[in-house]
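Our numbering numbers the first residue of the sequence shown as 34 and each following residue consecutively.
Quick reminder that beta carbons are idealized off the backbone N, C-alpha and C, glycines included.
Fair warning: this is a prediction, and the values are worked out from it, not measured in the lab.
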Amino acid sequence: MNFWQGFTIVTFVHLLAAASPGPDFALVTRQSLLHGRTAGVLTSLGISLGLAIHILYSAAGLAVVVSHSVEWMVVVKLAGGSYLIYLGIKGLRAKHHSANDNQGIPLAKNNSALRMISTGFFCNALNPKAPVYFLSLFTVILSPDIPLLNLAIYGAWIMVLQMLWFASLACFFTNTAIRQRVVKLGHWIDRTFGVVMLVLGLQVINSIR
34 MNFWQGFTIV TFVHLLAAAS PGPDFALVTR QSLLHGRTAG VLTSLGISLG LAIHILYSAA
94 GLAVVVSHSV EWMVVVKLAG GSYLIYLGIK GLRAKHHSAN DNQGIPLAKN NSALRMISTG
154 FFCNALNPKA PVYFLSLFTV ILSPDIPLLN LAIYGAWIMV LQMLWFASLA CFFTNTAIRQ
214 RVVKLGHWID RTFGVVMLVL GLQVINSIR
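So this is what it looks like as structure tokens:
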């Protein structure tokens with residue numbers, strides 16, 4: 034897989050993952066509605082910074098492992114592919130999201146910039162599903178000879194995508210009518226994400242030789 038093929042896959046998959054309703058999606062929505070557009074954008078910045086934690090250990094750790102052992106490369110791809118298939122099946126079974134799905138996310142106690150950024154950072158960094166997602170994502174593009182520079186570019190691009198997506202949501206969701214329409218489409222976003230994950234998972238497992 035060349036650089037641009039990997040870049041395209043990372044872009045498409047991560048945009049779908051970001052669009053799929055989850056803790057980050059709910060947090061940005063709620064902060065934007067209750068504290069305004071600036072709060073939503075600052076929270077989005079924190080979320081993208083939180084991604085750096087997952088990207089660093091996922092990309093660097095996997096690169097070290099697979100560069101030293103072909104057997105470990107097989108194990109990593111088998112585990113990552115299996116999880117992608119699991120995400121695919123789960124996405125295909127997604128149910129309709131209600132307008133109240135963003136309840137239960139703790140709000141910041143004040144509107145300071147640092148508070149908003151840290152709220153977004155910890156929401157993403159402490160998400161228990163993120164480690165497995167990123168490990169699985171990188172198994173799709175990983176090969177024993179992939180340059181570390183390519184991994185660094187992919188990682189930085191994922192952070193930029195995350196920031197742009199959620200900052201756009203912050204601007205969008207200051208309009209309640211728009212927010213309600215998007216939330217109603219949430220299950221279709223989940224299902225589209227599910228199809229993509231299922232196909233990628235099967236491709237990863239099929240690539241094991």
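- In the structure shown, the three-state DSSP call for Asp178 is coil.
- Put simply, the backbone Cα of Ala189 is about 16 Å away from that of Ala163.
- Here Ser176 is exposed, its C-beta having fewer than 16 other C-beta atoms within 10 Å.
- The Cβ neighbour count for Thr62, taken over all protein chains shown within 10 Å, is at least 16; the residue is labelled buried.
- Pairing Met196 with Ser77 gives a Cβ-Cβ distance under 7 Å.
- Here DSSP, grouped into helix, strand and coil, assigns Thr62 to helix.
- Residue state for Ile241 is assigned as coil, using DSSP reduced to three classes.
- Apart from the 5 residues on each side of it in sequence, Met192 sits with its Cβ closer than 8 Å to the Cβ of Ser81, Leu82, Leu84, Ala85 and Ile88 in its chain, given in chain order.
- Between Ala158 and Val74, the CB-CB gap reaches or exceeds 7 Å.
- For Gly39, the enclosing alpha helix (DSSP H) covers residues Phe36 to Ala52.
- Thr172 carries a helical assignment under DSSP once its states are collapsed to helix, strand and coil.
- The beta carbon of Ser91 is closer than 6 Å to those of Phe167, Leu168 and Phe171 in its chain, skipping five residues each way along the sequence.
- A residue is called buried when at least 16 other Cβ atoms come within 10 angstroms of its Cβ; Trp198 meets this threshold and is buried.
- The straight-line gap separating the alpha-carbon atoms of Gly69 and Leu147 is approximately 15 Å.
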